[in-house]
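Novice: Here's a structure for you.
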């Protein structure tokens with residue numbers, strides 16, 4: 022059975038259908054994401070390591086539970102984390 026409160030809370034995350042972020046990929050597993058929201062520049066710096074379940078986002082460490090998968094110049098990030 023679906024927990025209605027949890028389901029409702031999950032969809033309170035802001036959604037901007039016409040916002041496209043600039044993403045810079047670096048060979049060392051780091052990602053820099055930039056976008057402009059209503060005149061404010063927003064930056065996310067994400068460090069991922071192949072085989073590690075840890076991600077560092079803007080200097081704070083998070084456990085993703087599953088390691089990202091690096092294949093053919095593409096990084097697959099666990100959906101539950103993203």
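Residue numbers (this note's numbering): 22 to 103. For glycine and all other residues, C-beta sits at the position ideal for the given N, C-alpha and C. From a predicted model like this one, the values you see are computed outputs, not experimental measurements.
1) Let me check understanding here. Comparing Cα to Cα, which of 55, 71 and 98 lies closest to residue 65?
2) Does the beta-carbon of residue 22 have 16 or more other beta-carbons within 10 angstroms, so that it is buried, or is it exposed?
3) According to DSSP, simplified to helix, strand and coil, what is residue 76?
4) Do residue 69 and residue 89 count as a contact pair if the criterion is CB distance below 8 angstroms?
5) By how many angstroms is the C-alpha of residue 43 removed from the C-alpha of residue 86?
Specialist: For this structure:
1) 55
2) Note on residue 22: pLDDT 49, under 50, position unreliable in the model; the coordinate value appears next. That one is exposed.
3) strand
4) yes
5) 26 angstroms
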